[in-house]
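Protein chains in written order, with this note's numbering: chain A, 6 to 310; chain B, 5 to 272.
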């Protein structure tokens, strides 16, 4: 089909879209709901993933040693640990450094407390980072069974682990619920759009014969209904993008605090904005596909030419 | 090649004029624009609309098909623009077997034929201008050409000031003029008019017939189905009389004469 004919059927589809009035409104609303659900689920999934990753980056195993273990002994263990390929880095924190870190905040209560004790109450420690979060269990277990286990005062690992597991299950649950709702709404959206286009076809039913008589090809008769479906999809993409922006802003105000804490200062809205490059094209593609699928079904079933 | 495969020509032993090989030029050397070769059309349920009908229509002719309702006039026209397929026999358009046209290519074929109907068949949501323009749009005509040609043709059919009116804002006669303008715009070889004046008041009806005669004078073949006696007499061109699916009269410069058989059958 020539460009000019494509353009003409495009305009014809736009005219159908405009003439349908309330029907257009209802169709776009339902399509918007499904797109909004799906994109919100995707956004929460993405933000949860980001949060998890920065949490994982923060995990480390902190092994503190009893004061009896000397610095040489600890450094020996450090170089021994550094040989494992599962371990990315091992940092040594001496007792003095630990004290400096502790007092850096300048909290007078702490300073007074340390003075009261008269000596450095903190232990030297090794902070171990794994190359992959999945190795931490193994590393922790290894350390607790090692020949230097008697030098160790405490292996601090469990606390972060619980937070990670909590966030993982929350993210997965939200994402799954979002996708289930999104899928249900998508089915409804396809049916509603299909029905709208069926009604448009119905209101034009006497015209197809006339169109054919004056020499319109079947494709020329069908194409406007394809475009009509695409228009519904595109409008829905536009509206749901606005809704999503509002939702992201509202969420950012509500859960912004804990989220920023996890991700190191990134607000939820900030994450949404950085997600747009992937979100906008995929929304456009999905919405156009929804429109095309619905109109194809309607054309195939109801447009006999 | 197509023609050789059709059942009959030389093998026929009947000294029948319809057995001549197509294309069958007339004394001027023109190939028939429309030819029926022993065409039978039986509708589902056994109703026979046409029986073994043969006819030749040459370019530039004005043919009036007359006959009572159900005599087969509309069926003949539908066979020409391929809305119906013959049960047996062959319909030729410009020497080409119409039934051999791929269904997909029918729209392109129909651009050779302008159609005008009793019920106008306009697109109700389009203005007079847009209705005429549509026939050019589907053809992929550039917009500049459409903007130039449509007003010209509306002027020719006498609708210069009504281009922006929707069909429901026009009188019956005016709507039929829009339909004729649309039929003319692609400069078809043949105009088929099925009772074009059937829904019109006598004055408008006469105007439409005059318009068709004008179009014919400019060289377009016109095939008119009607049962209005006075129009046929006025046109004074070829008259083909159909009765019960058969041609019972074919007069050049004919008058509308009901066949004897039909007259009697009516009283039985």
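Where is the CB? At the ideal position from N, CA and C, for every residue including glycine.
Residue 245 of chain B places its beta carbon less than 8 Å from that of residue 70 of chain B. Contact between the stretch 212–230 of chain B and the stretch 191–198 of chain B is present: 3 or more CB-CB pairs across the two stretches fall below 8 Å. The C-beta separation of residue 187 of chain B from residue 119 of chain B comes to about 6 Å, placing the pair in contact by the 8 Å criterion.
The C-alpha of residue 15 of chain A is placed about 20 Å away from the C-alpha of residue 291 of chain A. Straight-line spacing of the CA atoms in residue 232 of chain A and residue 239 of chain A works out to 10 Å. The contact set of residue 139 of chain B on chain A, defined by CB atoms closer than 7 Å, consists of 219, 220 in chain order. In the three-state DSSP reduction, residue 198 of chain B falls in the strand class (E or B). The beta carbon of residue 171 of chain B lies closer than 6 Å to those of 126, 128, 179 in the same chain, with the five residues before and after it left out. Contact check for residue 39 of chain A against residue 288 of chain A fails: the beta carbons are separated by 8 Å or more.
Here residue 183 of chain A has 42, 43, 45, 46, 47, 49, 50 as same chain residues with Cβ atoms under 8 Å from its own Cβ, once five neighbours each way along the sequence are excluded. For residue 303 of chain A, the enclosing alpha helix (DSSP H) stretches over residues 273–307. DSSP lists B:195 as the bridge partner or partners of residue 118 of chain B. The beta carbons of residue 154 of chain B and residue 133 of chain B sit about 6 Å from each other, so the pair counts as a contact at 8 Å. Using beta-carbon distances, residue 225 of chain A counts as an interface residue toward chain B, with a partner under 8 Å. With fewer than 16 other beta carbons inside 10 angstroms of its own, residue 278 of chain A counts as exposed.
Around the Cβ of residue 180 of chain A, a 10 Å sphere holds 16 or more other Cβ atoms; the residue is buried.
Under the 8 Å criterion on CB atoms, residue 96 of chain B is classed as non-interfacial with respect to chain A. Relative to residue 35 of chain A, the option among A:56, A:172, A:190 whose CA is nearest is A:190. In this structure, the beta-carbon distance from residue 69 of chain A to residue 158 of chain A falls below 8 Å. Between residue 62 of chain B and residue 98 of chain B, the gap from beta carbon to beta carbon reaches 8 Å or more.
Take the alpha-carbon of residue 151 of chain A and the one of residue 176 of chain A: they are about 36 Å apart.
Rounded to the nearest whole angstrom, the CA to CA distance from residue 230 of chain B to residue 42 of chain B is 23 Å. For residue 53 of chain A, the three-state secondary structure derived from DSSP is helix. Residues of chain A with a Cβ closer than 7 Å to the Cβ of residue 151 of chain B do not exist; the shortest Cβ-Cβ separation is about 13 Å.
The C-beta distance from residue 156 of chain B to residue 150 of chain B rounds to 11 Å, too long to meet the 8 Å contact threshold.
With a cutoff of 8 Å on beta-carbon distance, residue 260 of chain A and residue 274 of chain A are scored as not near each other.
In this structure, residue 169 of chain A and residue 92 of chain A do not form a Cβ contact; the two beta carbons are roughly 19 Å apart against a cut-off of 8 Å. One thing to note: residue 123 of chain B has its Cβ within 8 Å of the Cβ of residue 203 of chain B. Contact check for residue 163 of chain B and residue 185 of chain B: beta-carbon distance about 7 Å, within the 8 Å limit, so the pair qualifies. Among the residues facing chain A, residue 127 of chain B is included, as its CB has a counterpart in that chain under 8 Å away.
Only exposed fits residue 255 of chain A, as fewer than 16 other CB atoms lie within 10 angstroms of its CB. A residue is called buried once 16 or more other Cβ atoms fall within 10 Å of its Cβ, and residue 80 of chain B is buried on that count.
Non-local C-beta neighbours of residue 138 of chain A in its own chain, meaning closer than 8 Å and more than five positions away in sequence, comprise 61, 64, 169, ordered along the chain. Of all residues in the stretch 8–23 of chain A, those with a C-beta nearer than 7 Å to a C-beta of chain B are 9, 10, 13, reading in chain order.
For residue 41 of chain B, the uninterrupted beta strand (DSSP E) run begins and ends at 38–46, by DSSP. Residue 78 of chain B carries a helical assignment under DSSP once its states are collapsed to helix, strand and coil.
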